[in-house]
Amino acid sequence: AEWEMGGLPWWLLKKKDIKLRERDPYFMERVEKFENAVADQVRDLTVANGGPIIMVQVENEYGSYGIDKPYVSAIRDMVRRNYPDVALFQCDWSSNYLNNGLDDLVWTMNFGTGANVDQQFESLKKERPDAPLMCSEFW
Numbered sequence: 081a082e083w084e085m086g087g088l089p090w091w092l093l094k095k096k097d098i099k100l101r102e103r104d105p106y107f108m109e110r111v112e113k114f115e116n117a118v119a120d121q122v123r124d125l126t127v128a129n130g131g132p133i134i135m136v137q138v139e140n141e142y143g144s145y146g147i148d149k150p151y152v153s154a155i156r157d158m159v160r161r162n163y164p165d166v167a168l169f170q171c172d173w174s175s176n177y178l179n180n181g182l183d184d185l186v187w188t189m190n191f192g193t194g195a196n197v198d199q200q201f202e203s204l205k206k207e208r209p210d211a212p213l214m215c216s217e218f219w
């Protein structure tokens with residue numbers, strides 16, 4: 081997701097009125113095609129099938145982009161259809177995870193070398209006391 085346009089293909093912008101990372105029907109249809117194609121390639125590699133994939137991420141740092149739980153929920157549902165037996169997680173900054181955090185996903189954090197790690201995990205623990213403490217993007 082750290083690539084140009086968040087990893088989204090440039091050709092999506094050929095449609096002038098597209099709304100990226102929203103429930104725009106054109107966008108969601110293409111996301112679903114992509115998600116399904118990736119799942120067809122890696123589904124057999126999930127832990128449920130004896131493989132190394134133990135978790136799948138739903139969106140990335142969406143709280144920095146917007147507030148739209150219905151959109152994040154739609155992406156989660158799409159991913160869940162492809163990976164029914166794998167833990168799903170979402171990654172965000174500690175200042176943003178309440179914006180779009182879904183209760184049925186594992187919340188993970190994003191921070192870098194300048195962060196106070198204890199403080200970061202304490203903020204997550206305050207919101208999700210029984211959840212695992214995990215930084216899925218450390219830079």
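Everything in the sequence shown is counted per the numbering used here, starting at 81 for the first residue and increasing by one.
Cβ coordinates follow ideal geometry from the N, Cα and C atoms, glycine included.
Keep in mind the model is a prediction, meaning the values are calculated, not measured.
* Asked: Where are the alpha helix (DSSP H) runs, 4 residues long or more, that stay fully inside the stretch 155–203, in chain order?
  -> Within the stretch 155–203, the complete alpha helix (DSSP H) runs of at least 4 residues are 177–180.
* Asked: Who are the near neighbours of D165 in its chain, counting only those whose CB is closer than 6 Å to its CB and skipping five residues on each side?
  -> Counting only Cβ-Cβ distances below 6 Å, and skipping sequence neighbours, we find A128.
* Asked: Can you tell me where the beta strand (DSSP E) with M135 in it begins and where it stops?
  -> Where M135 is concerned, the enclosing beta strand (DSSP E) stretches over 135–137.
* Since E217 is in the beta strand (DSSP E), which residue starts that stretch and which ends it? -> That run of the beta strand (DSSP E) goes 215–218.
* To do: Under 8 Å Cβ to Cβ from K99, same chain only, skipping five residues before and after it: list those, please.
  => Cβ neighbours of K99 beyond the five flanking positions: F107.
* Stretch-stretch touch, CB-based, cutoff 8 Å, three pairs: the stretch 156–171 with the stretch 101–120 -> Judged by Cβ distances under 8 Å, the stretch 156–171 makes contact with the stretch 101–120, as three or more pairs qualify.
* Compare the C-alpha of Q200 against each of M189, L168, D210 and name the closest. => Checking every option, the nearest Cα to that of Q200 belongs to M189.
* **Cα-Cα separation between Y142 and P89, rounded to whole angstroms** => Whole-angstrom Cα-Cα distance: 18 Å.
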